[in-house]
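Working notes for the structure below.
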Amino acid sequence: MVGVLLQEAAGVSGRGLASDNGPASKRARQGGMEPVYICAAVRTPLGAFLGGLAPLAATDLGAAAIRAAVQRAGVPPEAVGEVYMGNVCSANLGQAPARQAALKAGLPLEVDCTTVNKVCSSGLKAIMLGAQSIMVGNHSIVVAGGMESMSNIPYYAPSVRGGVRLGHAQLVDGMLHDGLWDAFHDIHMGECAEMCAERLGIGREAQDEHAISSVERARAAVAAGLVDWEIAPLEVPGKGGAVALVKEDEAISKMNVDKLRKLKPFFRPQGGTITAVVLASASAVRQYRLPVLGRILGFGDAAVDPRDFPTAPTVAVPKALEHAGLSSGQVDYWEVNEAFSVVDLANRQLLGLDPDRVNVFGGAVAIGHPIGASGTRLVVTLLNVLRCKGGRLGVAAICNGGGGASAMVLERTEALEE
Numbered sequence: 001m002v003g004v005l006l007q008e009a010a011g012v013s014g015r016g017l018a019s020d021n022g023p024a025s026k027r028a029r030q031g032g033m034e035p036v037y038i039c040a041a042v043r044t045p046l047g048a049f050l051g052g053l054a055p056l057a058a059t060d061l062g063a064a065a066i067r068a069a070v071q072r073a074g075v076p077p078e079a080v081g082e083v084y085m086g087n088v089c090s091a092n093l094g095q096a097p098a099r100q101a102a103l104k105a106g107l108p109l110e111v112d113c114t115t116v117n118k119v120c121s122s123g124l125k126a127i128m129l130g131a132q133s134i135m136v137g138n139h140s141i142v143v144a145g146g147m148e149s150m151s152n153i154p155y156y157a158p159s160v161r162g163g164v165r166l167g168h169a170q171l172v173d174g175m176l177h178d179g180l181w182d183a184f185h186d187i188h189m190g191e192c193a194e195m196c197a198e199r200l201g202i203g204r205e206a207q208d209e210h211a212i213s214s215v216e217r218a219r220a221a222v223a224a225g226l227v228d229w230e231i232a233p234l235e236v237p238g239k240g241g242a243v244a245l246v247k248e249d250e251a252i253s254k255m256n257v258d259k260l261r262k263l264k265p266f267f268r269p270q271g272g273t274i275t276a277v278v279l280a281s282a283s284a285v286r287q288y289r290l291p292v293l294g295r296i297l298g299f300g301d302a303a304v305d306p307r308d309f310p311t312a313p314t315v316a317v318p319k320a321l322e323h324a325g326l327s328s329g330q331v332d333y334w335e336v337n338e339a340f341s342v343v344d345l346a347n348r349q350l351l352g353l354d355p356d357r358v359n360v361f362g363g364a365v366a367i368g369h370p371i372g373a374s375g376t377r378l379v380v381t382l383l384n385v386l387r388c389k390g391g392r393l394g395v396a397a398i399c400n401g402g403g404g405a406s407a408m409v410l411e412r413t414e415a416l417e418e
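For the sequence shown, the UniProt record's numbering gives the first residue as 1, with consecutive numbering after it.
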């Protein structure tokens, strides 16, 4: 799950970061829109499917992320005006999942909440919607992100509603049906990935090497302590009232690299995750004395044939860069979601990206892809990579079922300019 806090820059004109004179900032000011700053970024560990985080519902994960984000930013809960939370498989969560997460996190009853479903792009789209709410002055502080517990997605019994009169009744896997199945061509998302691999000539060996590289990068980042900055430890209830404190991603340690080449292709669903970032305007940063990690420069969405969803980021990324007034050559680091290895490989190939600057701390192949949360997880990791590597500009991009994609351009900064 991912949570994000945002604040507007009410009454601020021509003041902000050293780069506030860029094309995107000029357009924003000329259009009367305020820049949005990132003031905190956190995520919980990612759990394996039916693993250590399985006892927690998506809304519990969401609440933990929101709570951690607000605390890290030092923002009073009563100052939050709106919440956007991505969530794909909401069955059995109860009414208004975003609202549940917000209230469980201790936000006031007056907070308006919206649940966002753009499949895998849900978490990133939630940030976009929150940023837009701030840019046009609807709210001064917004929490946004995504939450998913794929371990807890139920099976459906569709024939029971009308009554099973005779014979067998079928159960439908909610995770597969609502999360991992192309509704337009009636095929698994993995089949779409296979089509992409065939079309671009990306073979099994290249995908195996990519997967191994992703795991090795993720393990190296963990061993060096670079991932600690992202993670807010999570308390998980156990048997007999015992509580376990989970601090690390679960799948990395369980991955057997030697067996990867022997595995049949499959999509690895995860148990759940939480991530949170805090965005704010210059005036809000000053008012609440908030830390500053970066700023959103631009974003964009795209849509292609549903079967071509793996390469949809190649359309969304240019839109986001144009919105930011930048070119791809100016970007220091990239985060591209690894729904499958071929997704990252294809987008690297088509966008002409340097592999050494993409997913440098590993990606979803290594740590997991809880679909409603991954978009915001990319943003948190990208901010961490920019911080650790000394980069200034980064792009996060993610494809989604139905042939869509979303992308966002970020700038790392630690202070406002008077």
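All C-beta atoms, glycine included, are put in the ideal place defined by N, C-alpha and C.
Quick check on residue i: does DSSP put it in helix, strand or coil?
i: R295; result: strand
i: E191; result: helix
i: R72; result: helix
i: L416; result: coil
i: V317; result: helix
i: A48; result: strand
i: G403; result: coil
i: I236; result: It should be pointed out that residue 236 corresponds to Val in this sequence rather than to Ile. Three-state result, V236: strand.
i: S327; result: coil
i: F267; result: A caution first: F267 carries a pLDDT of 43, below 50, which makes its placement in the model too unreliable to give a value.
i: R289; result: coil
i: P355; result: helix
i: L61; result: helix
i: L200; result: helix
i: A284; result: helix
i: Q30; result: The pLDDT assigned to Q30 is 40, lower than 50, so where the model puts this residue is not dependable; a value taken from the coordinates is nonetheless given after this. If DSSP states are grouped into helix, strand and coil, Q30 belongs with the helices.
i: N21; result: Only weak support is given to the placement of N21: the predicted model assigns it a pLDDT of 41, under 50, and the value that follows is read from those uncertain coordinates. Of the three classes helix, strand and coil, the one that applies to N21 here is coil, per DSSP.
Per the DSSP calculation, residue i is bridged to which residue(s)?
i: T115; result: M85
i: M408; result: F299 and A396
i: I38; result: L279 and G294
i: I231; result: R43
i: P310; result: DSSP, once it has assigned bridges, lists no residue as partnering P310.
Could you give the residue range of the alpha helix (DSSP H) that holds residue i?
i: L350; result: S341 to L351
i: A102; result: P97 to K104
i: L260; result: V257 to L260
i: Q207; result: R204 to A223
i: V80; result: V80 -> no alpha helix (DSSP H), and no H or E assigned at all.
i: A54; result: That residue, A54, is in no alpha helix (DSSP H); it is neither H nor E in DSSP.
i: A251; result: E250 to K254
Since residue i and residue j should fall inside the 8 Å C-beta cutoff, what is the C-beta to C-beta distance between them, to a whole number of angstroms?
i: C120; j: N337; result: 7 Å
i: S328; j: L351; result: 7 Å
i: I127; j: V379; result: 6 Å
i: A284; j: I141; result: 7 Å
i: V278; j: V36; result: Rounded, the Cβ-Cβ distance is 10 Å, inconsistent with contact.
i: T59; j: M150; result: That belief does not hold up - the Cβ atoms of T59 and M150 are roughly 14 Å apart, past 8 Å.
i: V83; j: P77; result: Wrong, their Cβ atoms sit about 11 Å apart, outside the cutoff.
i: A218; j: I252; result: 5 Å
i: A339; j: C399; result: 6 Å
i: L53; j: V236; result: 6 Å
i: S406; j: K118; result: 7 Å
i: G362; j: V172; result: Their Cβ separation, rounded to whole angstroms, is 33 Å, which puts G362 and V172 out of contact at 8 Å.
i: L410; j: G294; result: 5 Å
i: V111; j: V160; result: V111 to V160, Cβ: 36 Å. No contact.
Within the continuous beta strand (DSSP E) that includes residue i, where are the two ends?
i: E335; result: Y333 to V336
i: A244; result: V243 to V246
Which runs of the beta strand (DSSP E), 3 residues or longer, sit entirely within the stretch 358-398?
Whole beta strand (DSSP E) segments, 3+ residues: zero.
If we require 3 or more residues per run, which beta strand (DSSP E) segments fall completely within the stretch 111-185?
As far as the stretch 111-185 is concerned, its whole beta strand (DSSP E) runs of at least 3 residues are 112-116 and 141-146.
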